[in-house]
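Accompanying notes for the structure given below.
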Amino acid sequence: MSAAIGFESELKRRFQEIFRMKNTTFDMPGESQEQETLFIQVQESNPKISPKKEIYFVKGTGIVFAEVEKMPAGYLAKAIQKAPHELTKDFSFHKVDQSQETFRNIVRRSFDFVFLYSRQYDPNQGELTSVEIGEGTYNG
0 MSAAIGFESE LKRRFQEIFR MKNTTFDMPG ESQEQETLFI QVQESNPKIS PKKEIYFVKG
60 TGIVFAEVEK MPAGYLAKAI QKAPHELTKD FSFHKVDQSQ ETFRNIVRRS FDFVFLYSRQ
120 YDPNQGELTS VEIGEGTYNG
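If you're matching positions, the sequence shown starts at 0 in numbering that gives the first Met the number 0 and goes up one per residue.
Pasting the structure below:
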């Protein structure tokens with residue numbers, strides 16, 4: 000698993016739990032503006048890698064399209080406030096519940112975030128002793 004995939008999967012998992020959205024994606028919203036899907040747009044992910052740890056400072060925006068009745072003003076802010084601290088502790092949320100009516104009773108709600116992601120980094124620095132090729136193993 001690459002480092003980028005690590006922070007992306009953790010970001011997606013946490014947003015699903017914080018906002019109680021089963022549909023969460025890094026894809027861009029299409030013309031259909033799929034409803035009740037959290038679109039995550041990462042603008043920056045600055046890595047810092049040391050011999051034992053990797054840290055990412057991730058900046059982005061979350062966007063949701065929904066019917067006004069299903070996502071009233073304040074919905075996203077309340078979800079953040081109600082979420083357990085262990086889910087939100089590495090985040091800073093800004094401009095939460097920005098809203099823009101898009102079509103009749105469908106609204107676009109969004110928030111900006113900063114996410115500090117870190118994990119142990121310990122690449123294998125041993126010697127290469129064998130290589131798996133198909134069904135066999137080559138020992139050099």
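A virtual CB, placed ideally from N, CA and C, is assigned to each residue, including glycine.
Because the structure is a prediction, the values reported are computed rather than measured.
As computed with DSSP, Y55 is found in a beta bridge with P46, Y116. Under the three-state reduction of DSSP output, Q15 falls in the helix class.
For E68, the closest alpha carbon among the candidates I62, G29, E100 is that of E100. In the three-state DSSP reduction, Q97 falls in the strand class (E or B). Separation of the CB atoms of L115 and D96 is rounded to 22 Å, and the pair is thereby denied contact status at 8 Å. One alpha carbon belongs to S8, the other to N104, and they sit about 32 Å apart. DSSP places N22 in the uninterrupted beta strand (DSSP E) bounded by 22–24.
Counting C-beta atoms within 10 angstroms of its own C-beta, T23 has 16 or more neighbours from the protein chains shown and is therefore classed as buried.
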